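The structure appears below as structure tokens.
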Amino acid sequence: MNNIAHSFHRAFGRTLLAGALAVGGAGLVLPAGAAPKSLAAKVDKAAAKAEAIAGHLRMAQLALDAKEYKLAGDAARRALKEDAKHQDARRALTLALARDGQLKEAQALIEGLAKELPDDSWVQQTRIAIALESGDKVKGLQLLEAMIAKPGSPA
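Each number in my numbering comes from the position in the sequence shown (counting from 1) with 290 added on.
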């Protein structure tokens, strides 16, 4: 999001919040533009965090595209410092680690995602690829058969 759009979004969001507070609460009337500072600070902090994560993920994707897997992993880890549960950051880190040959760590991450997202085709396909890449053909085949057996399977 560019700076103009970000500034507009913040100002517009505060105006809506202030208007809702002025209209909505019978006993609570605030003049327009007088949103509570603590709430405005929380909104600003959340927006900054989301923007930081998005920036780190863009860097991770660019690094993956350039086959700079260590750089991609570093960028994904920075996103995870902002939000340890961020699924896209964990996906990016999984790819970076797997492509860099760090298969045990990649497998641990993908298994965690598989528990959270058991029906996600990307997660299932990545589990299969990591199993095969690590030389576990039996597990890879088992995962593939399980994925094919699921109704609505992409395979």
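Ideal placement from N, C-alpha and C gives every residue a C-beta, glycine not left out.
In this text the structure is predicted, and so the values were computed from the model without any measurement.
Beta-carbon separation of residue i and residue j under 8 Å?
i    : j    : result
A386 : G402 : no
I343 : A379 : yes
A350 : A338 : no
Y359 : R389 : yes
Measure how close the beta-carbons of residue i and residue j come, nearest whole angstrom, since I'm counting them as under 8 Å.
i    : j    : result
L383 : L399 : 6 Å
I418 : L434 : 5 Å
L347 : A353 : Going by Cβ atoms, the distance from L347 to A353 rounds to 11 Å, so no, they are not a contact pair.
Just reading off the alpha helix (DSSP H) that residue i is part of, what are its end residues?
i    : result
H346 : K327 to D355
E358 : From DSSP, E358 is part of no alpha helix (DSSP H); its letter is neither H nor E.
G391 : That residue, G391, is in no alpha helix (DSSP H); it is neither H nor E in DSSP.
S411 : S411 to E423
A436 : K427 to A439
Compare the Cα-Cα distances from residue i to each of the options and report the closest residue.
i    : options                   : result
E341 : L329, L354 and A369       : A369
K375 : K405, S411, A439 and G430 : K405
L393 : K371, D426, W412 and E372 : D426
N345 : Q414, K371 and K429       : Residue 345 is actually Gly in this sequence, not Asn. Minimum Cα distance to G345 is reached at K371.
S411 : K335, M437 and K332       : M437
D373 : A336, Q414, D355 and G430 : A336
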